[in-house]
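Protein chains in written order, with my numbering: chain A, 5 to 493; chain B, 5 to 493; chain C, 5 to 493.
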Amino acid sequence: MTPVSYSVNTMPKPLVLHPDRLFTADPGTRAIARRLHQSVQSLPIISPHGHTDPQWFASNANFGDPTDLLLTPDHYVFRMLYSRGIPMESLGVRPRPRGAGFESGWRDAGAEPRTAWRLFAANYHLFRGTPSRLWLDWVFAEVFGLQVCLESATADHYYDQIAAALHTPAFKPRALFERFRIEVLATTESPLDPLRHHQAISASGWHGRIISTFRPDPVVDPAFEGFVDNLSALSDLTGEDCLSYRGYLAALRQRRAFFAAHGATATDHGHPTAATADLTEREAEQLFGVVARGTAGEQDAELFRAHMLTVMAGMSLDDGLVMQIHPGSFRNHNPLVFERFGRDKGADIPTATDYVTALRPLLNRYGNKTALTIILFTLDETAYARELAPLAGHYPCLKLGPPWWFHDSPQGMRRFRQRVTETAGFYNTAGFNDDTRAFLSIPARHDVARRMDCGYLAQLVAEHRLEEWEAAELAVELAYSLAKRSYKL
Amino acid sequence: MTPVSYSVNTMPKPLVLHPDRLFTADPGTRAIARRLHQSVQSLPIISPHGHTDPQWFASNANFGDPTDLLLTPDHYVFRMLYSRGIPMESLGVRPRPRGAGFESGWRDAGAEPRTAWRLFAANYHLFRGTPSRLWLDWVFAEVFGLQVCLESATADHYYDQIAAALHTPAFKPRALFERFRIEVLATTESPLDPLRHHQAISASGWHGRIISTFRPDPVVDPAFEGFVDNLSALSDLTGEDCLSYRGYLAALRQRRAFFAAHGATATDHGHPTAATADLTEREAEQLFGVVARGTAGEQDAELFRAHMLTVMAGMSLDDGLVMQIHPGSFRNHNPLVFERFGRDKGADIPTATDYVTALRPLLNRYGNKTALTIILFTLDETAYARELAPLAGHYPCLKLGPPWWFHDSPQGMRRFRQRVTETAGFYNTAGFNDDTRAFLSIPARHDVARRMDCGYLAQLVAEHRLEEWEAAELAVELAYSLAKRSYKL
Amino acid sequence: MTPVSYSVNTMPKPLVLHPDRLFTADPGTRAIARRLHQSVQSLPIISPHGHTDPQWFASNANFGDPTDLLLTPDHYVFRMLYSRGIPMESLGVRPRPRGAGFESGWRDAGAEPRTAWRLFAANYHLFRGTPSRLWLDWVFAEVFGLQVCLESATADHYYDQIAAALHTPAFKPRALFERFRIEVLATTESPLDPLRHHQAISASGWHGRIISTFRPDPVVDPAFEGFVDNLSALSDLTGEDCLSYRGYLAALRQRRAFFAAHGATATDHGHPTAATADLTEREAEQLFGVVARGTAGEQDAELFRAHMLTVMAGMSLDDGLVMQIHPGSFRNHNPLVFERFGRDKGADIPTATDYVTALRPLLNRYGNKTALTIILFTLDETAYARELAPLAGHYPCLKLGPPWWFHDSPQGMRRFRQRVTETAGFYNTAGFNDDTRAFLSIPARHDVARRMDCGYLAQLVAEHRLEEWEAAELAVELAYSLAKRSYKL
């Protein structure tokens, strides 16, 4: 055969979101996937777990410049650039303590936003094959109407077109929320958060449903920065004496009720492991004494976190909040990056995670309660078929959350369905979470999830494991209903 | 594109077993798979490992009602329903100690069989995407001739049609055995079992080959319920003094010979881990003293089980019984369910399992013996490519058993071949096991396995890694010959 | 349907390397893969990591007989035969200590080369579905022009045709090197190796680029056979006092420089685990005292290896050598085989390997250095998506080596790309390594890798995740450029 020679074309390449993207290539399977997807693509978005900033919707101010909006807050993006030797400062990532705000401060670090954007554009090829590429291209094409690919030659065109759009009313947060057809969006806050932005949103009369999620790590994890101070703050906030175990529990209950009153339907727990424990009252009081004095060793901290998961499950039984457990991330693996830039800078690395032994104390206590919903997540895919699907396929209280973080990707989603479905079925899963800080990527992420789920269902239909009418029912469940029901939305 | 709208059809849906089910959708690959499958679909069934009740074939009595036959004994089925909040009692699962019999006792628990069946039918959608759905649909369509899908609207129709069939001679156990073209069926018994049903089958003159498997866990695992009593019973049964190590070993040898005389060709070992040990005679005697007194701690128990695997391998070298090791299940994870309903109620959860270090003492002693066959199973799929295939691809005594339990599913089978074949080849695998208590599902399970294996071979052919004539040879090996040879049947 | 009956054909079967082999069957995807592959199939081979013998190219003597060349040195091949009960001696594998040479000695063990070859041919079906089959068929067809399949009936034909070819000038090592279009080939040597063969190649004026790789395990791993003697030899070779830590480090630096002067661009480290440590100077000196006296316990040895990885990373920062880490093999798992036949006899078994905690001390010290390149390998595929891709997708110094050893196979390569790409992208991977002792298989292995990579890219194109022009750029990167750049070749 004669060698194929691909000619080098220096013209801007068209940016195309193909209507069949992410569907299996086999034409028969693709046709089924296309039909299923057409039946769910316009469903509203349920976003029951994420990390967007409620202030955006409270103030409804225009977003900043393109770099500010799309590059510097997205650790998926700048970690990849950093991994290929590009300093984070040159991308506009702010060293701390130069201000914690989203909108300001980073220019002190040196990189002009346009310069940072050009660097990003010149290295956009690094994202080939990654979900960030899919999400970004969707945002470029669908949100901003860009029609050529991002590369050095088009960097300024992109920058200008996005910057111009961001100054218009149509690109204010609430307008985008409505354009994206988001039915409900959950943010995530510390128990110490007064939820002022959520209150402001309610008070504004805007109909957008932005709810909080109760994330107690800062007052439950003795290894969290400022844990002891956080207990003081919790005392101040609640009027309870949070240096006594009893007062501490009362304060937690009070804050849960406060969150629930502001729309929260769920809690979230991001522990290093899935360990649970079920201490006696006396043991728990004693251990709390140690951790509240700030004298907890690593084992004390682990045991306290473990015990508190069981306590939280008990509180969920009382107040109905759905419990989410997100274990297995080794946070801040890179101390240099942590010292210079702080948390959430792409340096959190998954670890092997046991669930079978770890969850047993909690499950022994509450596992058979049908009124309790615990949604499990993992960064360790080996647990899908081995541990999580068998657990969720037995215990009434358990459901499985969607592929998380590094696994929130086409192949990650495919592996999840392939390894979970045969043991746990579809109805023990909890729908999709976009779990993002990148507001504009929310529809892109749901688009990927809906396409991958329809593709998976199409394969089952094509292989005659499922009738198409069943797949159509399931497509709606996976795209919309399961999340809504699982999170009581 | 206009949204596709699937109309809701409340008419009964036809139940169809598509002739191409489970084959890859690509038409070229499917055509190869179809040809390969047609060449093996009529081969007799070799069922070398399972848990059916030999009494069925001894008495040849008609089975009970549909619930009794298909729902309450199948933990794959009721665990899924339980996981979605349906009480086991309402499905007819009997709380203990209400009698151990298959045919009676459960009605005491409250649920009428027809009521339980209706509940099952109303929730049949929970099984979408699971192998239970495939097996059950096969049984419904092929065994009972049902032509509509199971759902609430058809629950009574199903119940009546199945119940009627079960009263006829054609649905007696022996008739079904013959209809299913089973060449040999292995059951599994404790060393304390007198094998009366197997003797009765032989004595009856019926030609069906039902053999036992020697499963010594009750007298080898110090953590087994009633272990010390079991040693007494073993003494009584054999005339050996099973409180001395020497007598104990002699008794085990005697029982192995007894099983072999009743057709057994294999032993089976279901330990929590794959740990093996090779103690000196003195160490072993001393340890046996501890366990025989019922004073074994957890470590003693683990070490004793570990040592006994090596002892059993030595006995297998002497008497030729094939050794099966099934490690890695955390049994009875849910104490509430265990207390109320007993063992095997869907609450056994797989755990991460090491083989490399664990098996070394046994392999150091016997690993190079070509006269020994040890068939390894796993519930931890991560071991397939990393540990099991390299071990089986080196040690003469080792073969790999088929995907087990939760992994006995289309995707589980595909992963097994994909991860094992490239290192261990096909000839270090041991064919298919249905491993079931659900007699009627045996052909369904072999059907799934044959289809998935033919599909895998078809892919190798389509990708020009294998010629079709080779794939045809292999299809027969995987469907029939490997199991027959590996288990010396 | 009528059963398909495959007729048994006893005629020799044609040996065909199909031009579309290893490409996905879907016609659309295959067409893309074919185009991509045609654009890279003629690129020169970069072989930056392997275990061929430099003496071949120094002496340029003809290879021995077929058994000697293809069977007895290839542990992939004889371990599989051994696993099915064929004694290694009967395949011509030499028990030690009968000489270490490649060309002689094994006949003492009894098996005539032709007899061994016939045994191999009669069992060639055992390799169905394995990469060895692909590599061997390529060598048979492409290198030796054989046109029928290997089986008993064709064993002598094969033997004669290969033997005849091996006596001709066209089959001398240098001629094959040129015919294979190898641009550079790295071998692997101990620091104690004087690199005479590499010097002889340079001195010969032949233009073939054969470089060494610095593999310090014999003087860095206290558990290596003869470790203390090796330190003496290192002293003799360098004039440094290698019983002092300072002299030892100086000697290592000197040998690294010597290797670099002979073309080496990389080091390689084959530790049982990925553990690293960063001891103080005093701790390191003290520990070195223990290991240099040969009194290291297992923990001392592990800690010393761990520390030395960090030391070696520091030296790499100084001298620019690329660092390769190959952890996780349990070497010589089978003591009987080790005693009789020695190392590298197919009895090395992968183990579960942690990277996240293990690599942290080294990464804390050097992880953010952009001038450092560390290429990580694994035998534990569970680490791909969970640990390795997140690490490589963050730390500037890290790249991921290709699928290694048991995973250097079509499905292994597919799993690697599927699990790594979405988090680490393509540009954090280091191209392909053939890693082989089997010289003739080098082009075959690169052929498999190029086909699998083109197939993966084709899938991304077919699923509209990548444009074809991008895939074409990536195909060149994966086949050629990434290896060249990553290894500084």
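Glycine included, each C-beta is placed from N, C-alpha and C at the ideal position.
Values in this document were obtained by computation on a predicted structure and should not be read as measured data.
Report the residue from the options whose alpha carbon sits nearest the alpha carbon of residue i.
{"i": "B:Phe345", "options": "B:Met15, B:Pro220, B:Arg98 and B:Arg259", "result": "B:Arg98"}
{"i": "A:Ala279", "options": "A:Asp57, A:Leu307 and A:Thr158", "result": "A:Leu307"}
{"i": "B:Gly371", "options": "C:Arg419, C:Pro339, C:Asp233 and C:Gly212", "result": "C:Pro339"}
{"i": "C:Gly251", "options": "C:Arg260, C:Phe262 and C:Ser239", "result": "C:Ser239"}
{"i": "C:Tyr484", "options": "C:Ser51, C:Arg83 and C:Ile166", "result": "C:Ser51"}
{"i": "B:Gly133", "options": "A:Gln463, A:Leu383 and A:Asp72", "result": "A:Gln463"}
{"i": "B:Thr164", "options": "B:Ala29, B:Leu392, B:Trp121 and B:Ala65", "result": "According to the sequence shown, residue 164 of chain B is Asp rather than Thr. Here the closest residue by C-alpha is B:Trp121."}
{"i": "C:Gln42", "options": "C:His53, C:Thr56 and C:Phe27", "result": "C:Phe27"}
{"i": "B:Tyr10", "options": "A:Ala29, A:Asp30, A:Leu40 and A:Met15", "result": "A:Leu40"}
{"i": "A:Gly435", "options": "A:Leu392, A:Val452 and A:Ala487", "result": "A:Ala487"}
{"i": "B:Ala396", "options": "B:Ser208, B:His411, B:Leu376 and B:Met417", "result": "B:Leu376"}
{"i": "B:Glu287", "options": "B:Glu302, B:Ala310 and B:Ala270", "result": "B:Ala310"}
{"i": "B:Met316", "options": "B:Asp225, B:Val295 and B:Phe231", "result": "B:Asp225"}
{"i": "C:Pro222", "options": "C:Pro58, C:Glu471 and C:Glu193", "result": "C:Glu193"}
{"i": "A:Arg347", "options": "A:Thr14, A:Ala356, A:Pro354 and A:His337", "result": "A:His337"}
{"i": "A:Ala305", "options": "A:Ala281, A:Ser320, A:Ile214 and A:Leu189", "result": "A:Ala281"}
Assuming contact is defined by CB atoms lying nearer than 7 Å, are residue i and residue j in contact in what I supplied?
{"i": "C:Arg454", "j": "C:Val44", "result": "yes"}
{"i": "A:Ala265", "j": "A:Phe218", "result": "no"}
{"i": "B:Gly459", "j": "B:Ala37", "result": "yes"}
{"i": "B:His398", "j": "B:Pro331", "result": "no"}
{"i": "A:Leu73", "j": "A:Phe67", "result": "yes"}
{"i": "C:Leu313", "j": "C:Leu366", "result": "yes"}
{"i": "A:Thr374", "j": "A:Pro394", "result": "no"}
{"i": "A:His22", "j": "C:His129", "result": "no"}
Leaving out five residues before and five after residue i in sequence, what residues of the same chain have Cβ atoms less than 7 Å from its Cβ?
{"i": "B:Leu19", "result": "Asp141, Phe144, Ala145, Leu150, Gln151, Val152 and Cys153"}
{"i": "C:Ser108", "result": "Residue confidence for C:Ser108 is low, a pLDDT of 43 falling below 50, so the modelled location carries little weight; the figure read from the coordinates is stated next. Taken in chain order, the list of residues that qualify is empty."}
{"i": "A:His171", "result": "Asn66"}
{"i": "C:Arg111", "result": "Below a pLDDT of 50, predicted positions are generally treated as unreliable, and C:Arg111, at 45, falls in that range; the measurement from the model is reported next regardless. Closer than 7 Å at the Cβ level, and outside the excluded window around C:Arg111, lies no residue."}
Could you pull the start and end residues of the beta strand (DSSP E) that residue i belongs to?
{"i": "C:Glu187", "result": "Ile186 to Ala190"}
{"i": "A:Ile2", "result": "Here chain A covers residues 5 to 493 and nothing more, so residue 2 of chain A does not appear."}
{"i": "C:Thr271", "result": "Ala270 to His273"}
{"i": "A:Ser1", "result": "A question about residue 1 of chain A goes unanswered here, because the residues of chain A that appear run from 5 up to 493."}
Go through its chain and collect everything with a Cβ distance to residue i's Cβ below 6 Å, but skip five positions before and after it.
{"i": "A:Lys17", "result": "Cys153"}
Where do the N-terminal and C-terminal ends of the alpha helix (DSSP H) with residue i fall, by residue?
{"i": "A:Ala488", "result": "This sequence places Lys at residue 488 of chain A; Ala is not what is there. Its alpha helix (DSSP H) spans residues Leu486 to Ser490."}
{"i": "A:Thr242", "result": "Phe231 to Thr242"}
Please go through the same chain and pick out, in chain order, the residues whose beta-carbon is closer than 8 Å to the beta-carbon of residue i, but skip the five residues on each side of it.
{"i": "A:Leu392", "result": "Tyr359, Leu380, Thr382, Leu404, Val424 and Ala428"}
{"i": "A:Arg178", "result": "Phe61, Asn64, Trp210 and Gly212"}
{"i": "B:Gly105", "result": "With a pLDDT of 39 at B:Gly105, under the threshold of 50, the modelled position of this residue cannot be trusted; read the value that follows with caution. Within the same chain, B:Gly105 has no close Cβ partners at all."}
{"i": "B:Arg200", "result": "Ala62"}
- Task: With 9 Å as the limit, tell me which residues of the stretch 409-421 of chain A have their beta carbon closer than that to any beta carbon of chain B; keep them in chain order.
- Result: Flagged, chain order: Arg421.
- Message: At a CB distance below 7 Å, what residues from the stretch 466-479 of chain C approach chain A? Give them in sequence order.
- Response: Going along the stretch 466-479 of chain C in chain order, one finds Ala466, Glu467, His468, Arg469, Leu470, Glu471, Trp473, Glu474, Ala476 and Leu478 with a Cβ nearer than 7 Å to chain A.
- Message: By the 7 Å beta-carbon criterion, what residues does the stretch 26-39 of chain A contribute toward chain B?
- Response: Answer set for the stretch 26-39 of chain A: Asp30, Gly32, Thr33 and Arg39.
- Message: Any C-beta of chain B within less than 8 Å: which residues of the stretch 62-88 of chain C qualify?
- Response: So the close ones are Arg83, Met84, Tyr86, Ser87 and Arg88.
- Query: When you check each C-beta in the stretch 322-341 of chain A against every C-beta of chain C, which residues fall closer than 9 Å?
  - Reply: Per Cβ criterion, the list reads Gly332, Phe334, His337, Asn338, Pro339, Leu340 and Val341.
- Using a Cβ-Cβ cut-off of less than 8 Å, list which residues of the stretch 384-399 of chain A approach chain B; keep chain order. Under the 8 Å Cβ criterion, the stretch 384-399 of chain A contributes Thr386, Ala389, Arg390, Glu391, Ala393, Pro394, Leu395, Ala396, Gly397, His398 and Tyr399.
- Compile a chain-ordered list of the residues in the stretch 439-464 of chain C whose CB is closer than 8 Å to at least one CB of chain A. Going along the stretch 439-464 of chain C in chain order, one finds Gln463 and Leu464 with a Cβ nearer than 8 Å to chain A.
- Message: At a CB distance below 7 Å, what residues from the stretch 128-146 of chain C approach chain B? Give them in sequence order.
- Response: Listed in sequence order: Leu130, Phe131, Arg132, Gly133, Thr134, Pro135 and Leu138.
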